[in-house]
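For the sequence shown, the working numbering gives the first residue as 2, with consecutive numbering after it. Beta carbons are placed, not taken as given, at the ideal position from N, Cα and C, and that holds for glycine. Working notes for the structure below.
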Amino acid sequence: MSFFRQSDFVGGARSCQAQEDLDRLIESIHQELLPHLEMESPNPLNPVVVYRVPEPWQLLGTGNYAGVFYHSDYGDLVVKIYATGRLGWEEELEVYRRLVSHPSFSECFYAENNFLILKRLYGVTLYDCMHRGLKIPKQVIKDIDRALEYARSCGLYPHDVHGRNVMMSEERGLVVDVSDFLQEEPCLAWQDLKKAYYLLYLPLFSWHRLRVPYPILDLVRSSYRLFRRVFDRR
Ligand SMILES: Nc1ncnc2c1ncn2[C@@H]1O[C@H](COP(=O)(O)OP(=O)(O)OP(=O)(O)O)[C@@H](O)[C@H]1O
Ligand SMILES: [Mg+2]
Numbered sequence: 002m003s004f005f006r007q008s009d010f011v012g013g014a015r016s017c018q019a020q021e022d023l024d025r026l027i028e029s030i031h032q033e034l035l036p037h038l039e040m041e042s043p044n045p046l047n048p049v050v051v052y053r054v055p056e057p058w059q060l061l062g063t064g065n066y067a068g069v070f071y072h073s074d075y076g077d078l079v080v081k082i083y084a085t086g087r088l089g090w091e092e093e094l095e096v097y098r099r100l101v102s103h104p105s106f107s108e109c110f111y112a113e114n115n116f117l118i119l120k121r122l123y124g125v126t127l128y129d130c131m132h133r134g135l136k137i138p139k140q141v142i143k144d145i146d147r148a149l150e151y152a153r154s155c156g157l158y159p160h161d162v163h164g165r166n167v168m169m170s171e172e173r174g175l176v177v178d179v180s181d182f183l184q185e186e187p188c189l190a191w192q193d194l195k196k197a198y199y200l201l202y203l204p205l206f207s208w209h210r211l212r213v214p215y216p217i218l219d220l221v222r223s224s225y226r227l228f229r230r231v232f233d234r235r
């Protein structure tokens, strides 16, 4: 078993109360969540499927590798659990180690085999903003750009920065998923998303409260993936 506490390297800044909460949360993960959670990742190109979450745990979001959950008594913390067969929790831990602490990113307070306990970011992913018809101001994009610049200054390589991995919170931008930031090969996802924002969203869509249904958003997502595969091969 391997573990890490953020307090180990930021100088023990957590209070005793916070440490006790963390310890209780870890106990609940082992006793209540993990034994009864039913989740699988049938396809690494699509989000994991969660069939059962034991009370009082709640599902907060899913990605292609992991499900993210919170406990109602510890609402400021989330647990990111990698699905069976999906690797990457140790790399994600290393990314958080390098980021230390920055307002546009989460923080990791604890990690062990296949799960991480992270600071909860209160925001709406840009993907969900499109679904809910929420206006995305330019400041959100600028904040994310600045956050990615900070990540580069920490020796990281922003990667896989797409609409489900960035959030808007009170008109500011946040980066919610840093799991691939050790991958050195170039990734154009954020550059492409920014182009779409400035060339399409701002002039055409930002004036209407257009709510885009999930099947259309998913179609855009898979068409983009196909476009990149074909285009990058040339
Ligand atoms: N710290 C957090 N605070 C609040 N919500 C979060 C947090 N981390 C993740 N989420 C939610 O859970 C979803 C899935 O998490 P995440 O993107 O980290 O999973 P993933 O499997 O690594 O994703 P990907 O498919 O991009 O690799 C996010 O889109 C977001 O909605
Ligand atoms: Mg993600």
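Ligand 1 heavy atom lying under 7 Å from the CB of residue i
{"i": "T85", "result": "no"}
{"i": "R121", "result": "yes"}
{"i": "N65", "result": "yes"}
{"i": "L61", "result": "yes"}
{"i": "D178", "result": "yes"}
{"i": "K81", "result": "yes"}
{"i": "D193", "result": "no"}
{"i": "S107", "result": "yes"}
{"i": "D233", "result": "no"}
{"i": "D77", "result": "no"}
Proximity test, residue i beta-carbon vs ligand 2 heavy atom, cut-off 7 Å
{"i": "R165", "result": "yes"}
Own chain partners of residue i with C-beta closer than 7 Å, once the 5 adjacent residues on each side are dropped
{"i": "Q184", "result": "Y158, H160"}
{"i": "D144", "result": "S105, R173, G174"}
{"i": "I142", "result": "G174, K195, Y198"}
{"i": "D22", "result": "Y75"}
{"i": "H103", "result": "A148, Y151"}
{"i": "R99", "result": "C155, G156, L157"}
Local conformation of residue i per DSSP, three classes
{"i": "K143", "result": "helix"}
{"i": "R230", "result": "helix"}
{"i": "L200", "result": "helix"}
{"i": "Y225", "result": "helix"}
{"i": "A67", "result": "strand"}
{"i": "S170", "result": "strand"}
{"i": "W208", "result": "coil"}
{"i": "R25", "result": "helix"}
{"i": "L218", "result": "helix"}
{"i": "V51", "result": "strand"}
{"i": "G12", "result": "Residue confidence for G12 is low, a pLDDT of 38 falling below 50, so the modelled location carries little weight and cannot support an answer."}
{"i": "V80", "result": "strand"}
{"i": "L60", "result": "strand"}
{"i": "P187", "result": "coil"}
{"i": "L1", "result": "Outside the displayed span of the chain (2 to 235) sits residue 1, for which this structure offers no information."}
Cβ neighbours of residue i in the same chain (closer than 8 Å, five flanking residues each side left out)
{"i": "D9", "result": "For D9, the pLDDT reaches just 40, beneath the cut-off of 50, and the residue's location in the model is therefore unreliable, although a value from the coordinates is still provided. So the list is empty, once near-sequence residues are dropped."}
{"i": "L117", "result": "V80, K81, W90, E93, L94, Y97, C109, Y111"}
{"i": "L203", "result": "K139"}
Residue of the options minimising C-alpha distance to residue i
{"i": "Y198", "options": "K139, S154, V221", "result": "K139"}
{"i": "R87", "options": "R98, G68, V101", "result": "G68"}
{"i": "L218", "options": "F228, P43, G164", "result": "G164"}
{"i": "H209", "options": "V177, N65, M131, L26", "result": "M131"}
{"i": "L189", "options": "R229, E56, E150, S224", "result": "R229"}
{"i": "Y123", "options": "Y71, R99, R147, R222", "result": "Y71"}
{"i": "L127", "options": "S224, L227, S207, S16", "result": "S207"}
{"i": "L205", "options": "L220, L227, I137, P216", "result": "I137"}
{"i": "Y52", "options": "L38, D193, V162", "result": "L38"}
{"i": "S224", "options": "L119, H31, L46", "result": "L46"}
Other residues of its chain near residue i: CB distance less than 6 Å, five sequence neighbours each side excluded
{"i": "R212", "result": "G134"}
{"i": "V49", "result": "M40, S42, T63, G68, A84"}
{"i": "D77", "result": "R121"}
{"i": "N115", "result": "Y83, W90"}
Which full runs of the alpha helix (DSSP H) of 4+ residues lie inside the region 98-162, going along the chain?
-> 127-133, 139-154
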